[in-house]
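First comes the structure, then the notes that go with it.
In this note's numbering, the protein residues as written are 862 to 1239.
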């Protein structure tokens, strides 16, 4: 009877499991955390504090606390825009003083507001925003797929000065790409999960599945014009279900390109393992390459979007064995990776939570072996 129960339990687990586990080999021996990888306090020295001043606010300004800042984008004057997990984007001065919230995904989609934020006389809109904020602060919203989709979850941000004025591009985990005019604070919805997309001939049919986890973006000035490149971490699981995506490590992530001129959406690369942060090369003209942090493979890829040729960044490849999060490039050409987990090894007790490398010295000679990862690309 025990054997029969064991077999039945095994069959039940196999049939009911949502996981698609894949084989993964441990990375090569890890480099010592010394030299460029040594722990440092550079980010602490450069810390900029954010102040929340509750005085002199208009009646329409709700005094909501902050929770879950994901991405920070700066405009030409140094003012900052931050994506928060209550579905909003907030603005701060260059000195770190809070200004106001400027976008609310849930309000934009549910209440038909120009930027989603409720007007003075919109009590229902205020109530909805307060609910999203309180659920986010209590940390319930992050695990509630239905609620988080309703409120929205802005992740990646990028600032661009366009012909029509300064624009903030916002990538929401559930609802896709928005463009916010920073003068009029009027938003437009550029990409939804159901936006038609193109893929190369003979591509895996799964490459055309609707995105379920929009993550990060960057904007490249290519020979064909401005192109928004963004990552979809999974075509099966949403942001609130990201633990499942990390657990089984299946290659369900993709990289997309969206032309601002033609409004055409194209699949660049599929078969990625939880693609997360993106960063282009600011000094490259025309821009044709982008850095992709492949979180559940502990590595960073460099992708040529014009040919979809990609290679490993040897300095931050799988050999580093960190969870790579978002990436950004500073004005000196250094690429910074946010590492969401510290490394444990027996050879060196040092830990680090940030790494950087000169973005202009990344080697192109190490090409990833696709057959090792069962990765399909277009």
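Glycine included, every Cβ here is placed at the ideal spot set by N, Cα and C.
Here the structure is a predicted model, which means the values were calculated and not measured.
Rounded distance between the beta-carbons of residue 1116 and residue 1075, thought under 8 Å: Actually they do not touch by this definition, with Cβ atoms about 12 Å apart.
Suppose contacts are defined by Cβ-Cβ distances below 9 Å. Is residue 1093 in contact with residue 1138 by that definition? no
Tell me whether the stretch 1003-1015 and the stretch 1048-1056 touch, counting them as touching only if at least three CB pairs, one residue from each stretch, are closer than 8 Å. no
How long is the line joining the alpha carbons of residue 1083 and residue 966, rounded to whole angstroms? 29 Å
DSSP-derived helix/strand/coil call for residue 1150: strand
Just to confirm, is the Cβ distance from residue 1148 to residue 1038 under 9 Å? no
Under the three-state DSSP convention, the category residue 1027 falls into: strand
Distance check for residue 1162 and residue 1155, CA to CA, integer angstroms please. 7 Å
Should the stretch 967-975 be regarded as contacting the stretch 983-994, the criterion being three or more beta carbon pairs within less than 8 Å? yes
Three or more beta-carbon pairs under 8 Å between the stretch 1063-1074 and the stretch 1089-1107, yes or no? yes
Am I right that residue 1049 and residue 1085 are in contact with their C-beta atoms under 8 Å? What's the rounded C-beta distance? Not confirmed; about 22 Å, so no contact.
The beta strand (DSSP E) with residue 957 in it runs from where to where? Unbroken run through residue 957: none, as it is neither H nor E.
If you follow the alpha helix (DSSP H) that residue 1011 is part of, which residue opens it and which one closes it? 1006-1012
Using the Cβ count rule (16 or more neighbours within 10 Å means buried), how would you classify residue 1132? buried
To the nearest angstrom, report how far apart residue 1003 and residue 996 are at their CA atoms. 8 Å
What are the boundary residues of the alpha helix (DSSP H) that includes residue 997? 984-998
How big is the Cα-Cα spacing for residue 1129 and residue 984? 44 Å
Quick one, are the C-beta atoms of residue 925 and residue 994 less than 9 Å apart? yes
May I have the straight-line CA-CA distance separating residue 1021 from residue 1168, to the nearest angstrom? 25 Å
DSSP three-state label for residue 1166, please. coil
Specify the secondary structure class of residue 897 as computed by DSSP and reduced to three states. helix
Quick check on residue 1155: does DSSP put it in helix, strand or coil? strand
Take the Cβ of residue 1106 as the centre, count every other Cβ of all protein chains shown within 10 Å, and call the residue buried at 16 or more, exposed below. buried
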